Amino acid sequence: MNTSRRKHPRSRLRTAAASAAAVALAATGLAALPSSANAAADGIVVQYRTSASGASADQSEPWLKVRNAGSASVPLSSVKVRYYFKADSASAAYRFACSWAVKGCANITGTFGTLASPTATADRYLEIGFTPGAGSLAPGADTGDMQLRFHQASWASLIQSDDYSFGPDRTTYGDWSKVTAQVNGSLVWGQAPAGNGPTDPPDPTDPPTDPPGDGARLFDDFNYSSHTDPRINANGWSVRSNSGGPGVPGATWAPENVTFTAQSGNSVMNLETSTAGTGASTKHTEILTRSMKFKNGTYASRVKFSDAPRSGPDGDRIVQTFFTINDLKAPMAKDYAEYDFEYLPNGGWGEPANILYTTSWDTYRPDPWEAVNQHSSDRRSYAGWHDLVVTIDNNQITYYVDGQHFGTHGAAFLPERPMSINFNQWLIDLEGQPSTTPRAYDQQVDYVLHVKDQVLTPAQVNALVGSYRSAGKTFEDTVPGS
C-alpha cells in the first residue's frame, strides 16, 4: 500500500470538540462527613478535587492524592481507594481511565463494584489500586496528582450531582472523607455510604483487569539479515520501493536503506533517510505489512528517535513514525482510518522545534486540503529509545509513551476497516537545511507487537515481549486475514 497522504500544518486541526461546561450547582457545597478512621494514627489521608464540577457531564473526573500522614513507609500496592457513585441506570456499565499521574498511569488500576447495601446516593464504586511499580509513600509524602476519570460505556452523559463522593465545590485539593481508603483490607480513612464498609465483598460490574489470556497476535523482533532476506516477505512485510508521497517531490523510497544489526543481544531494524539537498538525492525509507488485517486491540513498538543526523549538517524537517493506516477510497470517505506516532526533531508543519504528535484520523480530502482528526502533542526532545503503545477499543483510542498516558481520542475516530502496520522516515521538504552537503538520519525499531481485540497496559506489553524473548521466539503471526 502506498501511504501517499501529503501532510500539511492544517492537518493538525483538532476537530473533536471539548466537552461543554455543564450547569453549575448552587453554592451549597456538600460538607465532609466525619471520618470513621483516625487518619493521623493510621497514616493515610485521601485528598480530592474535581475537574468536572457540573451536575451532569460526559465523564466524571475525580482527581485524587494519597498522603502518608503516619510515621512509617506505606507500600502503595497495599492501598485501595474507593469513590462512591449512583449508577445512571441499573444496566449502566462504566469505563475507567487515567489521564495523567505523577506515579504513572501504568501503575494505577481502576475497577468497578456494586455496593451490598445501595443508598440514595451510591450503589456503585470505583476502586483505585496501585501496582508494585508505584513504589512506597514515605512519611509526609504523597502520590502527587492522579487525574482520573470514568464514563458510561455508551458515552451517554452521566448525572453526578447525586453521587455520594462527588463534591462540586471541590475545585482544589483538600482532605475528603467521602472517599475511603484501606490498607491491606483495613479501613484507615473516610466513611463509606451507610451500611457499606470498604471490606464488603465486591460484585464487579466490569471485567477484571487481570493480564489477558492467549489471543491472536503479531510479534516481530526484526531478526533479519538484510532487506532482501526472504523471511521479510514470508512474514508479511513489504520494504517500500515504489515512488510517491509523502515527502519531498522527486525523492525515492530506498529499500537498501532498511538494514538490521545486533544491539544488546537483540536484532534492531534501522531506517536511514538521506539527502544532499535536492529531490533527486533524497532517499526515504518505509516498511509496512502487506495485509490490512489489523483493527481493534493493542499496538506497541520500541522505537529510537534521533534529534541529529548520523552524518552531515542538521536542520532537515524530518518525520520519524510508527503508525497504522488504510487506504482512502474517496475524498472524505468515512471508512478511512489512521493512528500515528510522529516525531519531528527539527519542527515542521508550522512548529519551530522538536515535537511528538499522536494523531487519530477520521478522514481527509487531499485537494483542497481538509482534515478531520484529533491529536495530542508534546514539545520537547524525544531523542533515544521509547516504548510506544496505542490501544483501540469500541469507545476510544489511547496513546502511551514510556508507560505514561499521552492522549485519549474519542469514539468519532474509531476505525471502520482494518489497517496495515507501518514504520517510515521521510523529509517534509528541503527548506529546513538548504545545504547540498550530504547528510543521513537514522530511526531504529526494536520490535513490533499487535494483540487483536485486547487492551493491554504498557506493563502487560513489556511482560508479553519479555516472554517472547525468554522463549527465544522472534516471530509469530496468528492474526487472521481480513
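Residue numbering for the sequence shown follows my numbering, beginning at 48 and increasing consecutively. For each residue, glycine too, the CB sits at the ideal point set by N, CA and C. In this text, all values refer to a predicted model and were calculated from it rather than measured experimentally.
Bridge partners for residue i per DSSP, in chain order?
i	result
Gln367	Tyr390, Gln472
Val436	Ala347, Tyr447
Ile279	DSSP, once it has assigned bridges, lists no residue as partnering Ile279.
Gly221	Tyr95
Thr156	Gly176
Asp425	Leu403
His452	Tyr447
Met466	Phe341
Gly395	Glu398
Pro413	According to DSSP, Pro413 bridges with nothing at all.
Phe266	Leu496, Glu523
Tyr131	Tyr172
Phe460	Per DSSP, none; premise fails for Phe460.
Gly431	Phe352
Asp489	Glu319
Trp284	Thr336
Leu205	Ala104
Tyr141	Gln199
Pro109	Thr97
Ser233	Val230
Do residue j and residue i come within 7 angstroms of each other at the CB atom, strictly closer than that value?
i	j	result
Ile475	Gly395	yes
Ser242	Gln94	Before going on, a small fix: residue 242 reads as Gly here, not Ser. No, these two residues do not count as a Cβ contact at 7 angstroms.
Asp500	Gly283	no
Ala380	Thr410	yes
Met466	Phe369	no
Leu403	Asp425	yes
Gly191	Gly362	no
Phe352	Ala430	yes
Met316	Phe266	no
Glu333	Arg287	yes
Trp110	Ser118	no
Pro360	Thr483	no
Ala181	Leu123	yes
Ala487	Pro302	no
Gln199	Ala137	no
Arg349	Tyr446	no
Gly454	Thr405	yes
Ser285	Asp354	no
Asp170	Arg114	no
Ala518	Val436	no
Glu385	Trp416	no
Thr438	Val502	yes
Asn289	Met339	no
Leu318	Gln490	yes
Pro392	Asn401	yes
Ser224	Gly237	yes
Would you grab the beta carbon distance between residue i and residue j for me? Rounded to a whole angstrom, and I think it's under 8 angstroms.
i	j	result
His331	Trp202	Actually they do not touch by this definition, with Cβ atoms about 39 angstroms apart.
Arg217	Arg337	In fact, because the Cβ distance is near 54 angstroms, the residues do not count as touching under 8 angstroms.
Tyr131	Ala239	7 angstroms
Glu174	Gly151	No, Glu174 and Gly151 are not in contact; Cβ-Cβ is about 19 angstroms, not under 8 angstroms.
Arg142	Asn442	6 angstroms
Gln194	Ala148	6 angstroms
Leu205	Ser100	14 angstroms between Cβ atoms; not a contact.
Thr371	Asn471	Going by Cβ atoms, the distance from Thr371 to Asn471 rounds to 12 angstroms, so no, they are not a contact pair.
Val530	Arg264	This structure does not reach residue 530, given that the chain is present from 48 up to 529, and the question cannot be answered.
Leu477	Val295	6 angstroms
Val464	Asp524	This sequence places Arg at residue 464; Val is not what is there. Incorrect: roughly 20 angstroms between the Cβ atoms, too far for contact.
Tyr271	Ser314	7 angstroms
Does the ligand SAM have even one heavy atom less than 6 angstroms from the beta-carbon of residue i?
i	result
Ala139	Inclusion of the ligand SAM in the displayed structure is not the case, the ligand content being empty and no account of it being possible.
Segments assigned alpha helix (DSSP H), at least 4 residues, entirely inside the segment 500 to 525: Counting only runs of 4 or more, we get 505 to 517.
Three-pair Cβ contact test at 8 angstroms for the segment 119 to 130 versus the segment 221 to 236: By the Cβ test, the segment 119 to 130 is in contact with the segment 221 to 236, since at least three Cβ pairs between them sit closer than 8 angstroms.
Every unbroken beta strand (DSSP E) inside the segment 165 to 200 [3 residues or more]: 171 to 177, 193 to 199, all fully within the segment 165 to 200.
Within the segment 295 to 351, ranges of the beta strand (DSSP E) (whole runs, at least 3 residues): The segment 295 to 351 contains these whole beta strand (DSSP E) runs: 305 to 310, 313 to 322, 330 to 336.
The segment 203 to 213 touching the segment 151 to 159, judged by at least three CB pairs closer than 8 angstroms: These segments do not touch.
Segment contact flag, the segment 503 to 512 with the segment 319 to 328, C-beta cutoff 8 angstroms, min 3 pairs: Contact between the segment 503 to 512 and the segment 319 to 328 is absent, because fewer than three Cβ pairs lie under 8 angstroms.
At least 3 beta-carbon pairs within less than 8 angstroms: the segment 444 to 460 vs the segment 294 to 313: Not touching, per the Cβ criterion.
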